[in-house]
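Just so we're aligned, residue 1056 is where the sequence shown starts under the working numbering, counting upward by one.
For reference, the structure discussed in these notes is given below.
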Amino acid sequence: MDKSLKAALEGIIVGVGTIALVMLLFFIPVLNILVLLFPVPFAVVGARRGIVAGIIGLAVSCLVLGLLVDPYFSVIVFALNIFIVLSLTVVYTKKLGMNEAIILSAGGVLLSTLLFLQAFTWIRGESFFDYLLNNLKIMLETNSTGIQDLINRYQAMGILEEGYTFDRFIQRFVGQLKETIPLFPSMLLINSLLVGGISFLVSRFVLKKLRVPTPHVPPFKHWALPRGTGRGFLGIMLIATIGTWLNISNFDVVLYTVSSVFTFVFTVQGLSVASFFLAEKRIPGIVIVLILVVAFVFLSIALTFLGIFEQIFGIRRVYSSRKGY
């Protein structure tokens, strides 16, 4: 069989199989979170059979989804995944290193999300945020009686002042939500790093099982940011801080976004450092995982400083050299 035809057929089969699995997982509690890995099968096909095969698989899957659910929804799903598939395929065809692979995968997630937001605006005639706020207002107005009863109870208890109306509650609630919109860029970037990194690791695991060459990924305890990452972040934060002091428009959003990403990446490095030293104590792997989860929940600030400390002083490298590793 011709290679191009074989690649196209494999893309079609994977597309149909993936959408069938997604439709099944969607109705299973807990497991429905695996829907986030929707683009992974197409990236695997793209890495094995070429980028066109991966795109064909995604297109077929979205076409079936459009026939079963809604044509506009299939367009949104395609927009939400196309750049993830493309970026992961490039990672494997170009044989990039782990850090470059995660950055490129995160970039694919970011571009796909931005394309999704734009496609949503084209289809609905309003932005995604306006759509959410309007539907939230409708939902609250539908339950106005129950909310008004709750307001009356709080007024009777002295928690709310007299004359606090339902309309005022709606106005204040929606206003507070609008104030959180500047936080969206940082949430978007961190989500891109998480989803992109997980998609890369899962697709790499599948490709290794299929005996396809993949980038080297060291054990988590040896994960490290490239040298100079800290200086780069600090330089950007300094520029953003100066811009904020000078009251330049939106520089406060830039500062918050950069500082949030800074905190996230160094917290992950802090987890890696903690994993390294726990492993040195011969602690069982499952216990290490539990300790890291607890530390991430309750000691995230300490982990961030540990990650920064590692970046500056290379404490794992110093420890290993003293041990003669």
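Beta carbons are placed, not taken as given, at the ideal position from N, Cα and C, and that holds for glycine.
For Asp1185, three-class secondary structure by DSSP: As a working mapping, residue 1185 is identified with position 130 in the sequence shown. Shown here, Asp1185 sits in a helix according to DSSP, grouped into three states.
Three-state secondary structure (DSSP) of Asn1198: For the purposes of this step, residue 1198 is identified with residue 143 of the sequence shown, where counting begins at 1. The DSSP-derived three-state label of Asn1198 is coil.
Start and end residues, alpha helix (DSSP H) containing Thr1176: Locating residue 1176 in the sequence shown gives position 121, counting from the first residue. 1153-1179 is the span of the alpha helix (DSSP H), which, as asked, contains Thr1176.
Residues near Ala1156 in its chain [Cβ-Cβ closer than 6 angstroms; skip 5 each side]: Your numbering for residue 1156 matches position 101 in the sequence shown. So the qualifying residues of the chain are Val1146, Phe1255, Pro1270.
Secondary structure of Met1242, DSSP reduced to three states: As a working mapping, residue 1242 is identified with position 187 in the sequence shown. Here DSSP, grouped into helix, strand and coil, assigns Met1242 to helix.
Opening and closing residue of the alpha helix (DSSP H) in which Ile1236 lies: As a working note, residue 1236 is residue 181 in the sequence shown. Note, Ile1236: premise wrong, no alpha helix (DSSP H); not H, not E.
Member of Gly1121, Val1095, Ile1131 whose CA lies at the smallest distance from the CA of Thr1144: Here residue 1144 is taken as the residue at index 89 of the sequence shown, counted from 1. Nearest C-alpha to Thr1144: Val1095.
Residue closest to Gly1101, alpha-carbon to alpha-carbon, out of Asp1125, Gln1231, Leu1166, Ser1059: Counted from its first residue, the sequence shown places residue 1101 at position 46. Between Gly1101 and the set Asp1125, Gln1231, Leu1166, Ser1059, the nearest pair of CA atoms involves Ser1059.
Minimum Cβ-Cβ distance from Ala1098 to chain B less than 8 angstroms: No chain B is present in this structure, which holds just one protein chain.
Backbone secondary structure at His1271 - three-state DSSP: As a first step, residue 1271 must be located in the sequence shown, where it is residue number 216. DSSP places His1271 outside both helix and strand once states are collapsed to three, so it counts as coil.
Simplified DSSP state of Met1212, which is helix, strand or coil: Position 157 of the sequence shown, counting from 1, holds the residue named residue 1212. Taken through DSSP and simplified to helix, strand or coil, Met1212 comes out as coil.
Residue span of the alpha helix (DSSP H) that contains Arg1371, given as start and end: Here residue 1371 refers to the residue found at position 316 of the sequence shown. Boundaries of the alpha helix (DSSP H) harbouring Arg1371: 1370-1378, taken from the DSSP string.
As assigned by DSSP and simplified to three states, the class of Trp1278: Residue numbering aside, residue 1278 sits at position 223 when the sequence shown is read from its first letter. Coil.
Nearest neighbour of Gly1109, chosen from Ile1139, Tyr1127, Phe1128 [CA to CA]: In the sequence shown, the residue the question calls residue 1109 occupies position 54. When only C-alpha atoms are compared, the closest one is Ile1139.
Of the listed residues Phe1368, Val1309, Phe1275, nearest to Gly1290 (C-alpha basis): The residue you call residue 1290 lines up with position 235 of the sequence shown. When each option's Cα is compared against that of Gly1290, the closest is Val1309.
Residue of Asn1087, Ser1116, Phe1171, Gln1226 minimising C-alpha distance to Ile1067: Here the question's residue 1067 lines up with position 12 in the sequence shown. In terms of CA proximity to Ile1067, Ser1116 leads the group Asn1087, Ser1116, Phe1171, Gln1226.
Beta-carbon proximity list for Trp1177, same chain, < 8 angstroms, skipping 5 on both sides: Numbered from its first residue, the sequence shown carries residue 1177 at position 122. Contacts found: none.
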